[in-house]
Structures are given as structure tokens and as C-alpha cells.
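Peer 1: In the working numbering, each residue's number is its place in the first sequence (first place is 1) plus 290.
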Amino acid sequence: MLSKTPIFVLVDCNNFYASCERVANPSLEGKPLVVLSNNDGIIVARSNEVKALGIPMGAPLFKCKDVLQNAGARVFSSNYELYDDLSGRVISVLKTFTDNVEVYSIDEAFMEIADLPVEKYTDFGNAIREKVKLETGIPVSVGIAGTKTLAKAASELAKKNKQYGGVLSFVGLSELEIDAFLSKLPVEDVWGIGRQYTKLLNAHNVTNALEFKNLYPAFVKKKMTVGGLRTQMELKGVSCFELEMGVSPKKGICSSRSFGKPVTEITGLREAVSVYVSRACEKLRSQGSVAAGISVFILTSRFVDRQKKYFGVRHKKLLSYTNSTAIFIESAFDILARIFRQGYLYKKAGVFIYDIKQDTSYQHSLFNYANNEKFSRLSGLVDDINRRHGKESVFYASSGCTRDWRMSRKYLSSEDVFGIKLFATAK
DNA sequence: TCTGGGGTCCTAGGACCC
DNA sequence: TCTGGGGTCCTAGGACCC
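#1: Would you report the Cα separation of residue 503 and residue 364, rounded to the nearest angstrom?
#2: Less than 8 Å between the beta carbons of residue 300 and residue 433, yes or no?
#3: Spatial neighbours of residue 555 within its chain, please: C-beta separation below 8 Å, excluding the five flanking residues on both sides.
#4: Checking the sheet assignment: what are the DSSP bridge partners for residue 640?
#5: Can you tell which of 297, 339, 298 has the C-alpha that lies nearest to the C-alpha of residue 304?
#6: Who are the near neighbours of residue 413 in its chain, counting only those whose CB is closer than 8 Å to its CB and skipping five residues on each side?
#7: So, is residue 506 buried or exposed, given that buried needs 16 or more other C-beta atoms within 10 angstroms?
#8: Strictly by DSSP, which residues pair up with residue 435?
#9: I need the boundaries of the alpha helix (DSSP H) containing residue 364, first residue and last residue.
#10: Taking the alpha carbon of residue 328 as the point to measure from, which residue in 321, 366, 359 has its own alpha carbon closest?
#11: Can you find the residues in the same chain that come closer than 7 Å, C-beta to C-beta, to residue 559, ignoring five residues on each side of it along the sequence?
#12: I'd like to confirm the pairing. Which residues does DSSP put opposite residue 400 in its beta bridges?
#13: Could you work out which residue in 599, 464, 358, 430 is closest to residue 454 when comparing CA atoms only?
#14: Exposed or buried, residue 308, counting other C-beta atoms within 10 Å across all chains shown (16 or more means buried)?
#15: Would you list the residues sitting across from residue 498 in a DSSP beta bridge?
#16: If I follow the unbroken beta strand (DSSP E) through residue 610, where does it start and stop?
#17: To which residues of the same chain is residue 426 closer than 8 Å at the C-beta, ignoring the five residues directly before and after it?
#18: On the CB-based measure, 16 or more other CB atoms within 10 Å of its CB, does residue 682 come out buried or exposed?
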């Protein structure tokens with residue numbers, strides 16, 4: 291018997307960043323290993339050995355440095371060039387099975403399949419797992435079911451329960467059999483249920499996915515809006531989320547970073563804001579869009595006394611749509627001058643570009659910038675040069691040359707946080 | 001000393017219009 | 001002056017995702 295309805299396959303890379311470091315450097319295999327966030331602040335990826343130590347996702351490095359060192363763990367800054375590259379390779383392998391691949395995130399993809407006999411799906415999952423491992427070195431978990439949320443649930447269970455061998459398929463199972471699996475999945479591991487909803491549900495004695503599935507829909511709708519209701523429907527096997535293959539243009543583009551060390555003067559902030567605006571505008575142009583809104587924000591550390599804390603933000607509407615870095619930088623500097631207060635230790639700044647439209651659809655304004663066209667061509671030229679000759683071959687002088695506020699990435703590839711030497715990362 | 005970054009969707013409430 | 005409904009658009013804020 292063939293499956294009647296479309297079947298979703300979720301492929302989830304295990305401990306993705308940690309696995310990437312191992313692909314780049316096989317001598318790390320079997321050793322405890324973590325990868326840090328930007329600025330080497332918190333832990334964003336852990337190998338299984340580190341998970342076993344009880345170190346949670348998102349833990350600040352300074353709080354668990356001792357535990358990690360005692361366990362002989364290796365600690366790395368994140369290396370997004372490497373992760374992007376390997377992510378692309380994994381997707382290429384998936385596309386050899388079907389064209390229906392939705393790239394959901396850097397380490398996850400949904401596939402849609404319709405024409406296999408129901409008993410063949412587990413084999414299909416195993417084939418994916420083996421081929422991805424063989425051709426990229428990345429271990430993955432696979433979940434297969436009639437809805438995206440159930441496929442996610444299956445992959446969670448596959449990842450956490452060794453006996454499934456990394457693949458779990460709900461296809462062909464009775465509702466009762468699926469319920470048995472859902473009762474083993476903590477409600478906080480359901481896709482769409484985060485920290486706040488978990489708290490709410492726990493307070494109503496709902497602790498696993500099955501209990502959530504059996505809640506009154508009216509209660510779910512009232513407390514968790516239609517999003518929660520859709521999640522519940524999906525657990526019941528009613529598909530509410532389709533496969534989304536096209537890349538839709540961003541509706542808002544944010545660029546922000548914490549500083550490697552605090553900035554006190556407006557000159558440093560101007561450099562940073564200039565860099566972030568350049569980055570955001572580059573993204574804007576690369577998706578063929580223009581925009582007419584910009585926000586700038588600056589803030590101090592969250593971990594200081596109240597009187598030393600400051601958060602400044604302001605928005606500005608431009609007179610017309612543009613994608614010119616120069617025009618956005620000018621506006622950003624206006625805003626910055628208004629929100630800057632002397633006497634604070636700034637830890638982070640960022641810009642947000644909004645009110646985005648596709649290039650072709652915007653109306654020319656009566657008050658169009660006199661030099662909009664010219665600036666646009668200039669920005670396009672800058673993008674070309676940077677594509678050809680590498681990032682930031684050309685940049686705005688306002689972005690500065692010293693940039694001593696730059697984020698730190700101290701443990702990139704060659705030497706980790708404990709000073710242990712490694713081979714250079716293969717690229 | 002050291003605590004990430006970049007998105008999406010939904011709702012409530014206010015402004016404004018007829 | 002007061003009374004009222006119904007609609008749209010926009011924004012802020014809160015939830016979620018990885």
C-alpha cells in the first residue's frame with residue numbers, strides 16, 4: 291500500500307557546529323567539545339560527551355570553564371564559514387533523494403515524499419542518514435510522519451533514544467501507537483512550545499506531548515492563540531504547515547553585535563553602526579529590495595547596576611525607498627547623535643532596516659533623494675568588488691580601520707580556549 | 001574579567017474614517 | 001452635544017524558532 295497523503299521527512303544534524311569541527315579535524319572524534327557564540331560568550335553547541343556532563347545549552351563560558359577543563363574538553367569560537375559550507379553539502383545530498391527540500395535552518399531540512407509503500411519509510415530514513423554521513427561526515431537524525439510537527443517529534447525521539455538507530459517513522463502506525471510515542475516526549479520538546487507556554491502548560495498538569503494533544507482546543511486557542519491550535523492539530527495528524535521551498539525576501543533586516551570591549555565614546559559607536567548599516571544594506575540589495583525605515587539601538591551590559599544601565603533606540607522613516615548604504619549611514623548617524631549619552635559603557639549596538647519592498651514595486655517619491663540613483667549604483671559596484679575580492683575589500687571610511695571594539699573570536703580553529711594547539715581548519 | 005544573533009507570526013489597542 | 005457601529009491601518013509587545 292502506498293501512503294495516501296504527503297509524508298514529511300525531517301532531517302536534523304546532530305550537534306551541528308560541534309560535528310562540523312570534527313569533520314574539519316577528525317582527531318576531535320570522541321572527545322568532549324563545545325562551540326561558543328559570537329564574542330565567545332555562551333555555549334551554543336555541545337558534543338554528546340559535554341551534554342552528559344550536564345552543561346546546558348546557552349551556558350556562559352565563564353561559569354563552566356572549570357568543569358570543561360577537568361573533563362579535557364575542547365572549546366572553540368564559532369566558525370560560520372565552515373558551518374555554512376558543510377550545511378550546503380548536506381542539503382546537496384538531500385536533493386539527490388527528492389527536489390522537495392525545504393531548508394529550514396542551517397542544520398535542519400524538511401523533505402516531502404508521497405509515493406513509497408508505508409513500510410519503506412524507515413529504510414528511506416536510514417538511506418538518507420547513511421549517505422549524508424558518508425558524503426559529508428555529519429551525523430543526522432531523521433523523523434518521518436504525516437505532519438511537520440509529528441516529523442519533528444519523531445526526530446527528537448530518534449535523537450534521544452539510541453535504540454531507534456537515529457531514524458523514527460510514524461508512517462503506517464495507528465493513532466494509539468503514535469500516542470504511545472507522544473507520551474514519551476516532554477511537552478517543551480514539541481515544536482512551537484517554548485519556555486512561557488511550557489510554564490503555563492505545566493501549571494495545568496500538562497507535561498508531555500500526548501497530554502497537550504488531548505487538551506480542550508478552546509483552552510489552547512484562548513491561551514496560545516491560533517499558533518498553539520495549529521500545533522495541536524498537527525499532533526492529531528492534521529497537516530497545517532506546508533513545505534516551503536522558495537526563499538522569501540526578509541521583511542526586516544537586523545545587524546548587531548556585542549563589542550569585544552566596552553565603548554564609551556561616540557566615535558567608536560559611529561564606526562560600529564557604520565559597519566552594521568553596510569552589512570544590512572548589502573543583505574537588502576542581495577535580495578533585490580529597497581527600504582524606507584531604519585532603527586538604531588545602543589545599550590550597556592545587562593549585568594551592571596541599574597544606574598549604569600542604558601538602552602537607547604530611535605526609529606526614522608526615510609523620505610523615499612532606497613538601498614543605498616550612504617543614505618542609510620547618514621540617517622543612522624542622525625539617530626545615533628540623538629540617542630547617545632555620555633558616561634556609559636556601551637556593550638552592544640545594532641541597526642534594523644524595515645519597511646522593505648521589492649525593488650520594482652516602489653513608487654518614486656516627489657521628495658526622492660537627489661542622488662538616490664547615483665548612490666544605488668555606487669553601492670552595487672561596492673558589492674561587486676567585495677564579492678570578487680573578498681569581504682570588505684572596499685568599505686566606507688566611517689566604518690574605521692582600527693575597530694578595537696570588534697567582537698572577539700579568540701579560539702578559531704588553531705588553538706582552543708585552553709591553549710591546546712590544533713591543526714588549521716580545513717576549508 | 002567573561003552572559004549571542006537574526007528572524008517569524010500573532011494580538012491588542014489606538015488612530016482614523018464613514 | 002451626545003449617541004453608535006464597523007472597518008482599516010499601523011505599531012508595540014510577546015510568543016516562538018534555530
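Glycine included, C-beta positions come from ideal geometry on N, C-alpha and C.
Values in this document were obtained by computation on a predicted structure and should not be read as measured data.
Peer 2: In terms of the structure at hand:
#1: 41 Å
#2: yes
#3: none
#4: 546, 587
#5: 339
#6: none
#7: exposed
#8: DSSP, once it has assigned bridges, lists 298 as partnering residue 435.
#9: Counting along the chain, residue 364 falls outside any alpha helix (DSSP H), though it belongs to the beta strand (DSSP E) covering 364 to 366.
#10: 366
#11: Closer than 7 Å at the Cβ level, and outside the excluded window around residue 559, lie 553, 588, 626, 630, 636, 639.
#12: 300, 392
#13: The candidate whose alpha carbon is nearest that of residue 454 is 430.
#14: buried
#15: 476
#16: Here the beta strand (DSSP E) through residue 610 covers 601 to 612.
#17: The residues are 313, 376, 379, 380, 383.
#18: Exposed.
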